[in-house]
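There are 2 protein chains.
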Amino acid sequence: MAVDVGGTKVEAALVASDGALLDGSRDRRPTGAGSTSDELAEAVRAVVAHALAALPDGDTLVGAGIGSAGPVDLVHGTVSPINLHAWRGYPLREQVAALAASVLPDAAPVTLRLDGVSLALAEHWVGATQGVDNALAITVSTGVGGGLIVNGRLLSGGTGNAGHIGQIQIADRPAGESAWAATLEVIASGPNVVAWAREQGWQGERGEDLAAGYVAGDEIAVAAVRRSANAVGEAVSSVTTLLDLDVVAIGGGFSRVSDDYLDLVRASVQEAPVNEYARRVRVVRSGLSDESPLVGAAALVWQADLLG
Amino acid sequence: MAVDVGGTKVEAALVASDGALLDGSRDRRPTGAGSTSDELAEAVRAVVAHALAALPDGDTLVGAGIGSAGPVDLVHGTVSPINLHAWRGYPLREQVAALAASVLPDAAPVTLRLDGVSLALAEHWVGATQGVDNALAITVSTGVGGGLIVNGRLLSGGTGNAGHIGQIQIADRPAGESAWAATLEVIASGPNVVAWAREQGWQGERGEDLAAGYVAGDEIAVAAVRRSANAVGEAVSSVTTLLDLDVVAIGGGFSRVSDDYLDLVRASVQEAPVNEYARRVRVVRSGLSDESPLVGAAALVWQADLLG
Numbered sequence: 001m002a003v004d005v006g007g008t009k010v011e012a013a014l015v016a017s018d019g020a021l022l023d024g025s026r027d028r029r030p031t032g033a034g035s036t037s038d039e040l041a042e043a044v045r046a047v048v049a050h051a052l053a054a055l056p057d058g059d060t061l062v063g064a065g066i067g068s069a070g071p072v073d074l075v076h077g078t079v080s081p082i083n084l085h086a087w088r089g090y091p092l093r094e095q096v097a098a099l100a101a102s103v104l105p106d107a108a109p110v111t112l113r114l115d116g117v118s119l120a121l122a123e124h125w126v127g128a129t130q131g132v133d134n135a136l137a138i139t140v141s142t143g144v145g146g147g148l149i150v151n152g153r154l155l156s157g158g159t160g161n162a163g164h165i166g167q168i169q170i171a172d173r174p175a176g177e178s179a180w181a182a183t184l185e186v187i188a189s190g191p192n193v194v195a196w197a198r199e200q201g202w203q204g205e206r207g208e209d210l211a212a213g214y215v216a217g218d219e220i221a222v223a224a225v226r227r228s229a230n231a232v233g234e235a236v237s238s239v240t241t242l243l244d245l246d247v248v249a250i251g252g253g254f255s256r257v258s259d260d261y262l263d264l265v266r267a268s269v270q271e272a273p274v275n276e277y278a279r280r281v282r283v284v285r286s287g288l289s290d291e292s293p294l295v296g297a298a299a300l301v302w303q304a305d306l307l308g
Numbered sequence: 001m002a003v004d005v006g007g008t009k010v011e012a013a014l015v016a017s018d019g020a021l022l023d024g025s026r027d028r029r030p031t032g033a034g035s036t037s038d039e040l041a042e043a044v045r046a047v048v049a050h051a052l053a054a055l056p057d058g059d060t061l062v063g064a065g066i067g068s069a070g071p072v073d074l075v076h077g078t079v080s081p082i083n084l085h086a087w088r089g090y091p092l093r094e095q096v097a098a099l100a101a102s103v104l105p106d107a108a109p110v111t112l113r114l115d116g117v118s119l120a121l122a123e124h125w126v127g128a129t130q131g132v133d134n135a136l137a138i139t140v141s142t143g144v145g146g147g148l149i150v151n152g153r154l155l156s157g158g159t160g161n162a163g164h165i166g167q168i169q170i171a172d173r174p175a176g177e178s179a180w181a182a183t184l185e186v187i188a189s190g191p192n193v194v195a196w197a198r199e200q201g202w203q204g205e206r207g208e209d210l211a212a213g214y215v216a217g218d219e220i221a222v223a224a225v226r227r228s229a230n231a232v233g234e235a236v237s238s239v240t241t242l243l244d245l246d247v248v249a250i251g252g253g254f255s256r257v258s259d260d261y262l263d264l265v266r267a268s269v270q271e272a273p274v275n276e277y278a279r280r281v282r283v284v285r286s287g288l289s290d291e292s293p294l295v296g297a298a299a300l301v302w303q304a305d306l307l308g
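Residue numbers (UniProt numbering), protein chains in the order written: chain Z, 1 to 308; chain E, 1 to 308.
(1) Which two residues bound the contiguous alpha helix (DSSP H) that contains D115 (chain Z)?
(2) Taking one C-beta from the stretch 78-92 of chain Z and one from the stretch 255-273 of chain Z each time, how about it: are there three or more such pairs within less than 8 Å?
(3) For A137 (chain Z) versus A120 (chain Z), is the C-beta spacing smaller than 7 Å?
(4) Would you say N192 (chain Z) faces chain E, with C-beta separation under 7 Å as the test?
(5) Would the stretch 221-231 of chain E count as touching the stretch 186-204 of chain E if we require 3 or more Cβ pairs under 8 Å?
(6) In chain order, what residues of the same chain lie with their CB nearer than 6 Å to the CB of G6 (chain Z), ignoring the 5 residues before and after it?
(7) In chain order, what residues of the same chain have a beta carbon less than 7 Å from the beta carbon of K9 (chain Z), not counting five sequence neighbours either side?
(8) In terms of residue numbering, what span does the beta strand (DSSP E) encompassing L148 (chain E) cover?
(9) Any beta carbon of chain Z sitting closer than 7 Å to that of V75 (chain E)?
(10) Kindly indicate which three-state DSSP category S189 (chain Z) falls into: helix, strand or coil?
(11) Given a limit of 7 Å on CB to CB distance, which residues of the stretch 164-196 of chain E reach chain Z?
(12) Starting from residue 352 (chain Z), find everything on chain E with Cβ-Cβ shorter than 7 Å and list it in chain order.
(13) Applying the 10 Å Cβ sphere with the 16-neighbour rule, what's the burial state of Q130 (chain E)?
(14) Could you list the residues in the stretch 142-153 of chain Z with a C-beta less than 7 Å from some C-beta on chain E, going in chain order?
(15) Who are the near neighbours of R26 (chain Z) in its chain, counting only those whose CB is closer than 6 Å to its CB and skipping five residues on each side?
(16) Provide the residue(s) that pair with L264 (chain Z) in DSSP beta bridges, ordered along the chain.
(17) Please classify G253 (chain Z): does DSSP put it in a helix, a strand, or coil?
(18) What's the C-alpha gap between L288 (chain E) and D4 (chain Z)?
(19) By a C-beta neighbour count over all protein chains shown, 10 Å radius and 16 as the cutoff for buried, is R93 (chain E) buried or exposed?
(20) Measure from the C-beta of L155 (chain E) to each C-beta in chain Z and report whether the shortest distance is under 7 Å.
(21) Starting from T240 (chain E), trace the alpha helix (DSSP H) both ways and give me its first and last residue.
(22) Helix, strand or coil for D73 (chain E), going by three-state DSSP, please let me know.
(23) So, is the C-beta of E234 (chain Z) closer than 7 Å to a C-beta in chain E?
(24) As an exercise, report each continuous alpha helix (DSSP H) stretch of at least 4 residues that is fully enclosed by the stretch 31-64 of chain E, in chain order.
(25) Starting from the C-beta of A171 (chain E), find all residues in its chain whose C-beta is less than 8 Å away, skip the five residues before and the five after it, and write them out in chain order.
(26) Identify the contact partners of G160 (chain Z) in chain E, using a Cβ-Cβ distance below 9 Å as the criterion.
(27) Between the beta-carbon of G207 (chain Z) and the beta-carbon of L184 (chain Z), is there less than 7 Å?
(28) Check whether the Cβ of G65 (chain E) lies closer than 7 Å to any Cβ atom in chain Z.
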């Protein structure tokens, strides 16, 4: 059973050993910054109940995997998603374990990880980084997140929060601003790119407008998209220099703002004056679908031998 | 047997299972940018011969570890140290294996790693990060280098070059410069801090002068040291955000430029507006001595179960 807790929705489904979702098992409930803790807990209960009810007769549940928006605290099994204000130190692992207790065999794992970390495992399991020992999965969307495979294993970090690439510094500080005003997410995420374009005098309002402006050759739209992709490329170069990665898979809605977004990222990586080993990294399109948060949560069980 | 190949010297020694160098086994030969490939090979041969000759009767060599200035290429067992121009793709592992063949038992390991990576393993073996599963070792000196322990194991990366923290971007780009003019090493290493201070009108010439100026309260010297420590702190925050580290150990000559250098680094880490988990990292003084490159090379053999 896979559970995904995000800032706008909670989902659950049953996922088979090949990464396929079981028909009829997927359910979704909305969440939001205004949700109370009880409402969030009820949403989890409802989607889990729906998924478990779809377990075919004769099939056995082998475990439960939970991907959650972060930060998480694996030491205590709790989550404190930035955009779900009512949950601070919420014992999500314990709640899911209790909900599934009646159908889970004894000693079956109930595993919690950050959503970006789970996604990196999904990418390694059925996506674009299969067979790769050192890989980064990046999602460029409302925010910019990530997850890492190193030494052939998933990297969770001391408390489960490894992979937060959106919060590393890029050398692009606006005059007079703190260095932390120049993190990858601040420069490259969809809403932040739109905001930057509007500061330059652009009249659009959303990522879709930016996509249209890019195709039409609008000067500011083109500059804004390039600025985002360039920042992603610089972050990839920094992280690849630090970790000596083989492959970086890029997904997320905003990475599709232009057909050549990945080409722009690749150009940035190739132009970086770094050591040769850091330029060998392959930048590829994510091989995952919109089911990926659930596939990632399931991978925590099916690919448990890769957990760090 | 431990071998360390650096930009200014080659060393070898015998190292016991507790990390102690055997009396009389350590030897050193100078190297430099002008050395020919034959001169470098002869230096390696000489220090290895000296070390092997010190093997006490009845003692057995269990393996050879080699730490080298980078980049290295573990796929091919070669090294291309930036400051040793004559060696590009030099088969160092093969040379050391041949030199030690007569005294090495069959199947004994001959292991090559980047010097910073070896140092991180030494820090984990006998230094300041013992027992820590997610740790970074940083050396602030003529350059800025590093090495990583993640998931309780050494991180080598796809070709052996993980740990190059000196080449990640910091958000401190000088106006008009490329983003890559703002890497940690460019801002924080000893010679670069001295150069920056001189650009501000400071009259000293070396790190020692900067140390004296800092103690005397010279305004530019104080600003220069703080700028270096602050950049190290920002890099630590970026990397800790990405990798969720437990401990960062800092060593190297320039990290002793002021008594409070580590306090300045810690203040920078604490002031970073990052997620709470990234502020929990402990910044500690390296627990290693000037023997550390050799101890690190030996750790590649004695701590072989931690190799990634």
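Beta carbons are placed, not taken as given, at the ideal position from N, Cα and C, and that holds for glycine.
On the basis of the supplied data:
(1) The sequence position of residue 115 (chain Z) within the first sequence is 115, counting from 1. Unbroken alpha helix (DSSP H) run through D115 (chain Z): D115 to V126.
(2) no
(3) The residue you call residue 137 (chain Z) lines up with position 137 of the first sequence. The residue you call residue 120 (chain Z) lines up with position 120 of the first sequence. In contact: A137 (chain Z) and A120 (chain Z) (Cβ atoms closer than 7 Å).
(4) As a position in the first sequence, residue 192 (chain Z) is number 192, starting the count at 1. Answer no: the Cβ-Cβ gap between N192 (chain Z) and chain E never drops below 7 Å.
(5) yes
(6) To locate residue 6 (chain Z), count along the first sequence from 1; it is residue 6. Cβ contact annotation for G6 (chain Z) (same chain, cutoff 6 Å, sequence separation greater than five): A69, in chain order.
(7) To locate residue 9 (chain Z), count along the first sequence from 1; it is residue 9. Excluding positions up to five away in sequence, the list reads R28, R29, P30 and T31.
(8) Here the question's residue 148 (chain E) lines up with position 148 in the second sequence. Element bounds for L148 (chain E): V144 to V150.
(9) Sequence index remark: in the second sequence, residue 75 (chain E) carries index 75 (1-based). Output row for V75 (chain E): interface = no.
(10) For the purposes of this step, residue 189 (chain Z) is taken as residue 189 along the first sequence, with counting starting at 1. Note: S189 (chain Z) maps to coil in three-state DSSP.
(11) H164, I165, Q167, I168, Q169, I170, A171, D172, R173, A179, W180 and A182
(12) Chain Z is shown from 1 up to 308; residue 352 (chain Z) falls before or after that span and cannot be answered.
(13) Along the second sequence, read from residue 1 onward, the residue named residue 130 (chain E) stands at position 130. Per the 10 Å Cβ criterion, exposed.
(14) Of all residues in the stretch 142-153 of chain Z, V150, N151 and R153 have a Cβ within less than 7 Å of some Cβ in chain E.
(15) To locate residue 26 (chain Z), count along the first sequence from 1; it is residue 26. Result list for R26 (chain Z): A13, in chain order.
(16) Taking the first residue of the first sequence as 1, we reach residue 264 (chain Z) at position 264. DSSP output for L264 (chain Z) lists no bridge partner at all.
(17) Taking the first sequence and counting its residues from 1, the one referred to as residue 253 (chain Z) is at position 253. Reduced to three states, the DSSP call for G253 (chain Z) is helix.
(18) Along the second sequence, one-based indexing puts residue 288 (chain E) at 288. Along the first sequence, one-based indexing puts residue 4 (chain Z) at 4. Rounded to whole angstroms, L288 (chain E) to D4 (chain Z) spans 44 Å at the Cα level.
(19) Looking up residue 93 (chain E) in the second sequence gives position 93. Buried.
(20) Counted from its first residue, the second sequence places residue 155 (chain E) at position 155. Closer than 7 Å: yes.
(21) What you label residue 240 (chain E) is simply residue 240 of the second sequence in a count that begins at 1. Counting along the chain, the alpha helix (DSSP H) containing T240 (chain E) begins and ends at E219 to L243.
(22) Here the question's residue 73 (chain E) lines up with position 73 in the second sequence. Three-state DSSP puts D73 (chain E) in a strand.
(23) The count along the first sequence starts at 1 and reaches residue 234 (chain Z) at position 234. Answer yes: the Cβ-Cβ gap between E234 (chain Z) and chain E drops below 7 Å somewhere.
(24) The alpha helix (DSSP H) runs lying completely inside the stretch 31-64 of chain E and spanning 4 residues or more are 37-53, given in chain order.
(25) Looking up residue 171 (chain E) in the second sequence gives position 171. These residues qualify, in order along the chain: A182 and E234.
(26) Here residue 160 (chain Z) corresponds to residue number 160 of the first sequence, with the count starting at 1. The CB of G160 (chain Z) comes closer than 9 Å to the CB of D244 and Y277 in chain E, given here in chain order.
(27) Indexing the first sequence from 1 puts residue 207 (chain Z) at position 207. Indexing the first sequence from 1 puts residue 184 (chain Z) at position 184. Result no, Cβ atoms of G207 (chain Z) and L184 (chain Z) do not sit closer than 7 Å.
(28) Translated into positions along the second sequence, residue 65 (chain E) becomes position 65. Output row for G65 (chain E): interface = no.
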